Structures are given as C-alpha cells and as structure tokens.
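Chains as they are written, first to last, in full-length UniProt numbering: chain R, 1 to 592; chain P, 1 to 592.
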C-alpha cells in the first residue's frame, strides 16, 4: 500500500527545485519551513490513510451512469467532502475568495500525493483548480463574485469542455455554437466528449467551462469563445435555481482511471423543458476564448505531469516491497539459506533502480517547473526569466513524467512476475491508469512540437542556452566535490549536456532555415533527451545538497546509477534528432 | 480490423529466415512453394475471417466460472471446433498419429496469425502443441497410443502445470506430491496456479501434464517428475471413463487475455468421491520431469515470442489505418485542403515506422529461430550447429518479440490519441493482452540469464562468433549493393554489430573469470542489443532479396529507417553491459 514519501518530496522541493532558496530570499511571503512541513505531513497522511485505500474500489466499480445520473464509486463522495473539509482544494487559490494563496510548488507536491493515492479521484479537483485560474484571470467581477469562493472551497467542482469528436488536438476545428441573448447571456448548443468529471454526485453543482463559436465568429482558433455554463443556474443570493440545459449522455469505458467519469456532455438539447439552449456567460472577450483556456491548459499540463510522477512513485513503492518479500532462486553472491529475495537478482535491482531514478527525475523536473511558475508571479525584476523557464519546462514536465509513469508502471508489473498481471495485485492498475497521461492535455507529441517550435526560440534561444549553462555548472560542482560515490557522474553529465547542446543548436538552426519538417521529425527524441539530461542534473543537484549522511549516500548512489546506466541513451537521442529526419521522410513509402 | 499480412509473412519465411533455401536443398521433404502458399493463404483467411471477429467478445465477456464449470466466450467453442476441423492443430504433429509433419516454420507463421486474430484463443492450441511434443519425445508407447492422436487432431486439449504459489520462476521449489500405486499409476495431490486453459467447455476431455514430487525425491529441481493426468480417465477403447480427482477452483482476473481461462487447479481433493488423489501416469523417468518439461518449454518460449510479433502486427495495422483516416491540424508541407491525416505529421510517422520496424524485426528473429529448430531435426551433418543456433535465438525471439509487443501496442494507443484509451476502439486491448508475454514461459529477465550464461558459451563461444560473422556479411552485402535507398545502413550495421561483438566478448570474459554478478547485471541490456542488431541485419537481408520493385523499395526504406533511427541505441546498451554493473551494485543502498 502506498505511503506518501514526504521526506523525498520535501527534500526535492527544498534542495532541488528551489523552495528553500525562495523562502530564504523572502519571495514567498510569510511561508516558513515549519508550515511547509506541516502541510506536506498532513497531505501525506490524508493521501496515505484516506485516499489510497479507496483507489481499488474506484477501479473495480468505476463511475456508473444510472437513470441519467452519474454515481461515483462507493465512498468517493464522502472522501471528496472530507478532502475539501481539509482545505486542500484552495491551497493556491486567491485569499480574497477564501484560498490560502500558497505557492504552486506546495499544491503540486500535494497533487502528487493525491494522484499516488488514486489518480481517478485526484482528477476531479485538478479540473476545478484549472477553472479557478481561468476565472480569476479572465472572469468578470460578477462571475468571480458568484463562483470563485465556492470553486475554491470545493463546494462546487468545475470542468473543461474542449474536445469534440472531430476536434481533439486541433481545438480550432470545434463546432459547438453559442447564440447571444439580449440580456447579455448566451445559449449553448453542441456535444462535447471526454469531459472529465463532467457529471457526478459528489457536489450539488458543477460549473462547466465550454468553448464554442458565435454565429459571426471567424473560422479556426480565432473564432472560439469561452463560456461558463453551470449545471444548475445560480440565483443572486448564491442558492441554486433551475437545472440548465446540459446533461451527461454517456460515460466512456476506459482502459483505466475507472473511478473518474469521462462524460459525453450534450448542451442545448431541451431535455429539461423550456427554451432550448444551455444558459452561459462569456468568460473574457468574444473570440478570445482560446487565450483564456491556455491559462488553465499550461498549468493543467504540469498537473498531468504530476499524474506521471505520482503513478511512478506508487508503482515503485509497490514493486520494491514485493521484491523484498518474494523469494525465488539464488542470486549470485546470496549467502542466506534457501531462496533469495528477488531484489537480490541484479536484473530485478536494475529494474527497480531505473524506476526509482525516473520517478525522482520526473519529480524534480515537475517541481522545478512549479517553482518557475511561482517565481514568475513573485520574483521581482526577473519575471520574464521565470516565465520563460516555466514555459520551457512545462512540455518536458508533462511529457517526460507521463512517459515515466507508463514505463515505470510497466516495469512494476514485470517485477511482480505473473502476479503483476492479476488485477487484485494492483500493479496492473498503475499501467492502465498511467496510459492516458501521455495523451490528454496535449499529447506528448504535441508537447514536443511546442518545446521545439515555441519554447527553444524564446529570447532568441538565449533562455535555453542559459539553462544549459546552469546544468553545466551542476556537472562542474559534481567534479569539484571529489565525492567518490558519484563515480563517473561528472563526465557522464558533461556528455549528456553536450548532446543536448548540439541537438538544441541544430534545432534552432534548421528552424531558422525554415526546415520545419526536419525539426519536427526530431522533436520527440529531443524532448526525451532534455528530460534525461535534466534527470541526471537534478539527481546530481540533490546528491550535492548534503543534508544527512545516510540519505546523502543513497541519493548520490542513485544519481551515479542514473548517470552511468541511463544517460548513455542521450547520444542515441541526439543522433535521431540530427540524423534521423531523412530516413524518416524516405520511409513514408513503407506506410502506404 | 486485422488482415493477415500473408505476403509479408511468406516473404520473411522465404527470403529472410531460410525457408526457400531449405526447400531448394531438399531438406523439407516434398514441401513445395505452392503448398507453402496454400497453407499461409488459408491460415490467413481463417485468422482474418473467423478468429479476429471473435476477439472483442472474448475480451469483454472473458472466461467465466459457473457452478464449477468454465464457460468460454460466446462462439469460442464453435470457433475451436472449426479451427481443428481445418487441421490446424496438427500442422507439425508426427504423421504416425495423424499430424501433417510440416516444418515448425509454417506452424510458427500460422501461430502468428492466430495470435493476431485473438491471442487468448490461440493460447489454447499452443499449450496442446507443447504437450504433443513432450509426449512424443518422452511418453511411453501406451501413453502415446492412447493420447497423441486425439491431442494432434485437437479433439482433446492439454495443459502445462508447473507454477505453484511459491514456485514460479524457481520451479524447483514446487511442493505438489505424487504417490506410487501398485498398478504402476500414481495419485497426485496439490494446487497449481496460472494454468492456461486448465478447464473449458470446448472439448470433452483435457489432458494435464503436471510436475510433482515423489515422496522419496531429492530436493530441488532433481526431484521433480512429470505426470499425465486426464480430466476424465480414458478407457482402453478410447472412450471416456470416470471424472478424475482434479478441478478448477477459481479463475484469475487478469489485465488482458480475458478469453483465456487462467485456472487454479486442485489435484487430489476428493471432490468427486472415491479414493482421494488424481490418477496420473508417469511421463519419462521418475525425477527427470524437468528434462521432459524443458522439451516443451523451449518451443513454448518461441510460441510466446510469436504472441509478441502477432500483437505488434495487429496493433501496427490498426494504428496505420487510424492515422490515414483521422485528420487533425496541418502537417508541415501539407498541401491538401483542410486538416491533414495525422499520418502526415512527422512524429506520428516516426511512431508508425518504429512499430513497423520492431514488428518485422521480431518476426524475422522468430522465424529464423523456427528455421533453426527445423534444421536441427532435418539437416544432415550440421545438426549441432542448428541446435546451437536454435538455442541461441530462443531467448532473443521470446524476449525481444514480447517487449516489442508491449512497446508497439503502447505506441499504437498513443497514435490513436484519446480514442486509444477507450476500450471499444480496441487499441487498449492489445497492450493489455501483450503485457503478460514478457512474463510467462520464463520472464524476459530469465531469458537474459539463459542467453548470457548458457547460450553464449556454446561451443566455447564459437557459435555466437560465427553468427556475428554472418551478420557482418550482411552489412558487407549492403555496402557492395550500392543501392542508394539503404542510405547509411551499412555503416550503422557495422557499428551495431561491433557493439554486439564487444559486449559478447566482455560477457564471455567476465564469466570465464567467475564474475557472475557482473555478467548478470548486463544481461537484459545485452539481450536487447542482440535483438536490435538482428532487427537491423534481418531487415537488411530482406531489403537485399530483391523480388519485386515496389515492395523492395519499401523494405529498403524501412531498413534504412531502422538503421538510422533505432540502431543508435546499441552503443548505449553496450555501455550498460560493460560499464553498468558497478553503479548498479553501489546503488542497491538506494533500495533499502
């Protein structure tokens, strides 16, 4: 059973991602180390004792559509109420509306724990938090006044309605329509699919944020507006009015995250009588809906990345526990009597260490991204630097972590042997739950396009170059530390960073030359190359922190394993970026 | 929907794996190219039209235990009867008992198609075929006479009973016991788990092959005997007698292959009255049961490899079809109107080409392994050479193909985007079905131990060295072909083979020096390195075959893609083999 790794999480926040530094510099207001500990410990307790025990029933029972109503798994509605009673929904929300105004880093760390406990459950507040952000930034004073406090407390939840059958990655292709009414409201019509927690029984209202087109809107992405559409209309005194013209038509049967209702939502069908059309209010300006949505999507990408980290952590814990318990055969050098625990077999140890290194690497990348977001809001003077850092790290945090989630969960099954394939063991669920994360909130392929074509060119390529210099500095510190435990880490980091540097330079150059297809052919290998180089660098940074002897030694040893066993892949990835495009283009005939 | 790739399969058999060569040399009796075509075409038709359409209901409905009886999914019992009526069960069985005595290569090719159609279904005859082999080789004349004809026709099916809760990879730990009776029979007692198709309603008898210990047996693997235990006793005239004391206690809930009943079998519980103990007959000699089982396990490893090839093929077909149909965004260089098919996006093309290359590589390796098995039975003079080749290729065919099955199925989900996560699409099932294959029939980690510690040292390392020379020869032929389409293939092959050569030499040396842990630490990366080098070499061999212009061009282009995009991984793998062990050993403290 999952136990929240509060110590690892706190260490990574403080010494790798920059939390202690920001606190020391006074950039996080009156947030002190004690409060950080208190929050992480209590989140860890809640995730371990309350959330994780309900994951299994959520998977087995799933969300069910009964007479048009969605039933969440047994115990989940109460779990949600307990969870919001703990104040967890409003950790980062604006204090003006009852939020705690804490840095994003803490929320991301807590999200990791909720997601390790039960990803399908954690999805619900994740969507609400995104909506809070979009409304805070773009909602009118009236909308903010009416909805924000209840969304921040979690009394109501929220959804994001983008996807339609023919508009997935290409949001611009959507067809849902909105009509203006004289009173300033709108009426919405259309079908949205893949709406996470679109309908459920855990709260008495649900606030939908919906992308749709006005009749006179320009084609494509510039003709999309964002609307707020509540399930029940809200009276001026905050009480609930009549049911709005929106309902859940069906639930998807998914490979995983069964406890999360994935809804097809119908707007404006007239099912509840009266004038057809779901009543909606404009968020932001007409035809500028995509801008508003991007506010929440960027953060949502990081929170999806956390799902990868979270599942990797839970899968790793489970696999290590099993490998220490299960005995089979005799490992080389085993001097005990009888069979050895399988963790003693080098191949099993290799799998577990790979799992652990990928988990910690993706955690560090994701927390560093959250730190950059925090700093972009709070640091004075270098706002642009931190905005660019957050922008650069977001696609890597999303893609590398979610790929790690899948790879680690799959290795976890392998460590369990035949038991891993049996659902009751629980290892298989991790892979089933993890498999969606590289897809939604922008597929990892789209993250790679974003990274290569929009993020590398920031500040004319100077931002990424500055970042590479920071990584080189970490390698230099490893070298000058003279700590034996690091083994060949410094040299391995040097070549990984050199590979990243060459690939970066090449991508910037071919794009400057207008060779877009060449750049995009290597985007995915480049994204992984970046993630691996960061994994090595951040594990090294953690190893250098030196806070307590035993833990230091373990961190340094894991860093060395990553450097000497995982980083060797960077040369192959660089090669694919720089030399892979021609053969890829030529081989298209093999797909005909 | 899956369509059997008969042309690709026939090409790989003939021009890559050596079938035409063997036919030309007269090593396969009167088997002619026409008969090969007829068999493959008819198998392809049956797999496409009869098996594949029932895969989905098998997954959704699964095998069910009702009142102690196992119900197979709707339509599967009839499908099985139609399938045996086609003579498919006895393709390679001895002619003496009604088999067709055809080479293993053809059966393996047909197995690929059954498994692409529905892996859970194909598992049933796969087990029977293994039992036929074990009985043919080790059964007494009486047992052969009584059982072989009906197992070869498929009128009865068979099972393999090895695993017990505490004896999985380590078979020697098993505890099931057998007692001698005066009439020469035995009585068996114990519990076996994970018994594939252990109980079902598709035939009127099931023949269990069961490993158990005699009371006076030595401890460990040298005290295990093999017994034949029929579900219903068989009278001398072949009619069925009373129910034997064995039953299916429960079915596992598995991540995939739902249509295949995975049974816990109880022997000697007395449930059907009378004296307790399941009546069994010894196969082979007492305490030599593991030898007998190995006969069938080696072949079973190749047939599990075919599951990987088969799922990879089916997943690739589905993903390509979807990517040609689905439109989103505008790919660079897209000149059509509106959105482009996603296959035009370089990142999607990269995924599809990777899937295709891994599928064809693992197919070639597996067919080459089957060829070696055939030659070891039929070639005159170089029997040992072919035995060693089969022994060397078996762990690679099993592990590389089943890893490819998982990786390709996972990429297939990614290509489908959100739809890939929805069960009705069918892409998710491939990953769920594929995930067991790297585990059962010896985990891929155990295959790697076998490869490194038992197969490399064959003929003092000379066998593997000779094989490497054959691969070098292929690279030379590519170079001297002067075909532009191959791009950098020759040079890329050279370095992949050099990496393999160095890693091989290193492994032989450290084992000679007694450094077992060092060798085993690198066993899994080595196994993948071997598989990748073979993939490149065999795709090149296919590209060199030159049989028809268009197809030749496509094969050469795919080979080049594999050489220039996938083979770069071999340097990293070699590095892990040669330089990875120390940091792996040092990092064990991080798992504490």
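Note that CB positions come from ideal geometry on N, CA and C, so glycine has one too.
Just so we're clear, the structure is a prediction, and the values are computed from it rather than from any experiment.
Ranked by Cα distance from residue 364 of chain P, the options P/511, P/302, P/420 are led by P/302. Here the region 78-96 of chain P makes no contact with the region 272-284 of chain P; the two share fewer than three CB pairs at distances below 8 Å. Residue 206 of chain R carries a strand assignment under DSSP once its states are collapsed to helix, strand and coil. Nearest neighbour of residue 105 of chain P by Cα position, chosen from P/65, P/22, P/30, turns out to be P/22. Here residue 229 of chain P is bridged, per DSSP, to P/208. Residue 186 of chain P has P/180, P/280 as its beta-bridge partners, per DSSP. Cβ proximity to chain P below 7 Å picks out 520, 521, 523, 524, 553 from the region 519-553 of chain R. The C-alpha of residue 118 of chain R lies about 19 Å from the C-alpha of residue 8 of chain R.
Residue nearest to residue 499 of chain P within the set P/527, P/479, P/140, P/513 is P/527 (criterion: CA-CA distance). At a C-beta separation below 7 Å, residue 346 of chain R has these neighbours in chain P: 517, 520, 521, 584.
No Cβ of chain P is located within less than 7 Å of the beta carbon of residue 363 of chain R. Chain-order list of chain R residues neighbouring residue 561 of chain P: 583, 584, 586, 587, 590, by C-beta distance under 8 Å. DSSP links residue 167 of chain R through a beta bridge to R/164.
At a cut-off of 7 Å, the C-beta of residue 14 of chain R has no neighbouring C-beta in chain P. Residue 190 of chain P sits close to residue 267 of chain P, with the two beta carbons spaced by under 7 Å. Rounded to whole angstroms, the separation of the alpha carbons of residue 103 of chain P and residue 367 of chain P is 11 Å. The DSSP-derived three-state label of residue 249 of chain P is strand. Between residue 59 of chain R and residue 385 of chain R, the CB-CB gap reaches or exceeds 7 Å.
Nearest to residue 534 of chain R by alpha-carbon distance, out of R/588, R/265, R/473, is R/473. At a cut-off of 7 Å between C-beta atoms, residue 144 of chain P does not count as an interface residue with respect to chain R. Collapsing the DSSP output to three states places residue 257 of chain P in coil. The three-state reading of DSSP puts residue 437 of chain R in coil, since its state is none of H, G, I, E or B. The continuous alpha helix (DSSP H) containing residue 348 of chain P extends over residues 346-378. For a Cβ distance threshold of 7 Å, nothing in chain P lies close to residue 454 of chain R: the least Cβ distance comes to about 14 Å. In terms of Cα proximity to residue 411 of chain R, the closest of P/439, P/412, P/409 is P/439. For residue 150 of chain P, the secondary structure class from DSSP, reduced to helix, strand or coil, is helix. No Cβ of chain R is located within less than 7 Å of the beta carbon of residue 384 of chain P. Of all alpha-carbon atoms in R/515, R/116, R/559, R/68, the one lying nearest the alpha-carbon of residue 52 of chain R is that of R/116. The DSSP-derived three-state label of residue 555 of chain P is helix. The region 539-552 of chain R makes no contact with the region 331-340 of chain R; the number of CB pairs closer than 8 Å stays below 3.
Scanning P/69, P/358, P/582, P/2 for the CA closest to the CA of residue 565 of chain P turns up P/358. Between residue 312 of chain R and residue 255 of chain P, the gap from beta carbon to beta carbon reaches 7 Å or more. Membership of residue 289 of chain P in the alpha helix (DSSP H) is indicated by the continuous run 289-325. Less than 7 Å divides the Cβ of residue 306 of chain P from the Cβ of residue 108 of chain P.
Contact annotation: residue 72 of chain R and residue 208 of chain R have beta-carbon atoms that are not nearer than 7 Å. If you ignore the 5 residues before and after residue 18 of chain P, its C-beta comes within less than 6 Å of the C-beta of 371, all in its own chain and listed in chain order.
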